[in-house]
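Since the structure comes first, as C-alpha cells, the remarks are kept for the end.
Residue numbers (this note's numbering), protein chains in the order written: chain A, 1 to 113; chain B, 1001 to 1115.
Written out as C-alpha cells, the structure reads:
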C-alpha cells in the first residue's frame, strides 16, 4: 500500500531564511507527487506537482521540489521564506488518471520575525 | 471560474444528530472526491464519484455515512447518526475526467464538531 511520510510535524524558520520540508513516499508504481498548502481559514491549494520529466519542478509562490527516485523523496524548498508562508504543508502521492491521493500528516510551518 | 465550494464552513452538532455536508464542484468536472482529516491525522480519502456514479467508496468508514451526487453535479455527504469520532474537517475536491495527468482542486473544507 502507498504511504507518505512527513517526518517534521512543526518547523520554525526565520523570515528570509531558506526552507526545506521533507517528504518520503512508498508507492508501487511510478508516483505522481504533489505538494499542497493550507493557510489558516483557507482550503487546500496546489503548490506544485510532479508527473514525469525534469525532476526539479517549479511551483507557485517561489516554491520548488525535487523528485529523487533513489531516495523515494520529494522535498519542498524555498530560498527565502516570507511571513505569509506560515501555513500547513501536505505532501501527497497518487496514481495516474485519477486524483485519489494519499496524504502525509502535514508539516506546520511557523515563520519568526 | 468559481472554485470548489463547500457548505457549511463549520457545523457543531450533538452526538446522535444528523448532519449533511454539501459540495459544489467546479463546473464541468466529472470527478468528485470526498476526503476527511481527523485532528492530528492525515487527510484520508473517503470516496470518489464519476458523474453520478460511485467509482470507489473504499474509504467510507461505516454505514452511518451516505454520499450522493444527484445528476452528476453537486454532492452531499450525510452522517447519521453522528458520533464523536466523526469530528474533523471534510474536504471535497473535483477534477476533469480522462487523460493521464489530472489535478484535483480542493474546497475550503467543512469543519464538523460533534459534541
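Beta carbons are placed, not taken as given, at the ideal position from N, Cα and C, and that holds for glycine.
No experiment lies behind these values; they were computed from the predicted model shown.
Interface flag, residue i vs chain A, CB-CB below 9 Å
| i | result |
| --- | --- |
| residue 1004 of chain B | yes |
| residue 1041 of chain B | yes |
| residue 1103 of chain B | yes |
| residue 1093 of chain B | yes |
| residue 1024 of chain B | no |
| residue 1051 of chain B | no |
| residue 1044 of chain B | yes |
Rounded distance between the beta-carbons of residue j and residue i, thought under 8 Å
| i | j | result |
| --- | --- | --- |
| residue 83 of chain A | residue 37 of chain A | Between residue 37 of chain A and residue 83 of chain A the Cβ distance is about 14 Å, and since that is not below 8 Å, they are no contact. |
| residue 1041 of chain B | residue 1047 of chain B | That belief does not hold up - the Cβ atoms of residue 1041 of chain B and residue 1047 of chain B are roughly 18 Å apart, past 8 Å. |
| residue 1110 of chain B | residue 1021 of chain B | 5 Å |
| residue 74 of chain A | residue 91 of chain A | 6 Å |
Euclidean distance between Cα positions of residue i and residue j
| i | j | result |
| --- | --- | --- |
| residue 65 of chain A | residue 1073 of chain B | 34 Å |
| residue 1092 of chain B | residue 44 of chain A | 10 Å |
| residue 102 of chain A | residue 1108 of chain B | 18 Å |
| residue 1097 of chain B | residue 62 of chain A | 29 Å |
| residue 33 of chain A | residue 2 of chain A | 12 Å |
| residue 1052 of chain B | residue 1083 of chain B | 27 Å |
| residue 1025 of chain B | residue 1005 of chain B | 7 Å |
| residue 108 of chain A | residue 89 of chain A | 6 Å |
| residue 1063 of chain B | residue 1069 of chain B | 17 Å |
| residue 1018 of chain B | residue 1056 of chain B | 24 Å |
| residue 54 of chain A | residue 1078 of chain B | 43 Å |
| residue 1050 of chain B | residue 1071 of chain B | 11 Å |
| residue 955 of chain B | residue 1081 of chain B | Nothing can be reported for residue 955 of chain B: it is not among the residues displayed for chain B, which extend from 1001 to 1115. |
| residue 9 of chain A | residue 1087 of chain B | 21 Å |
| residue 50 of chain A | residue 1045 of chain B | 20 Å |
is_contact[residue i, chain B] using C-beta, thresh 9 Å
| i | result |
| --- | --- |
| residue 67 of chain A | no |
| residue 100 of chain A | yes |
| residue 61 of chain A | no |
| residue 45 of chain A | yes |
| residue 57 of chain A | no |
Exercise. Within the chosen definition, does the region 1007-1022 of chain B reach the region 66-85 of chain A through at least 3 CB pairs nearer than 8 Å?
Worked result: The region 1007-1022 of chain B, when compared against the region 66-85 of chain A, does not touch it at the 8 Å Cβ threshold.
For this session: Say whether the region 20-28 of chain A touches the region 41-56 of chain A, bearing in mind that this needs 3 or more beta-carbon pairs closer than 8 Å, one atom from each stretch.
Result: no
Exercise. Quick one: complete beta strand (DSSP E) runs, 3+ long, within the region 31-94 of chain A?
Worked result: 32-38, 44-50, 56-58, 64-68, 73-78 and 87-94
Exercise. What residue ranges within the region 1007-1075 of chain B form continuous beta strand (DSSP E) runs of no fewer than 3 residues, ordered along the chain?
Worked result: 1010-1013, 1019-1024, 1031-1037, 1043-1050, 1053-1056 and 1065-1068
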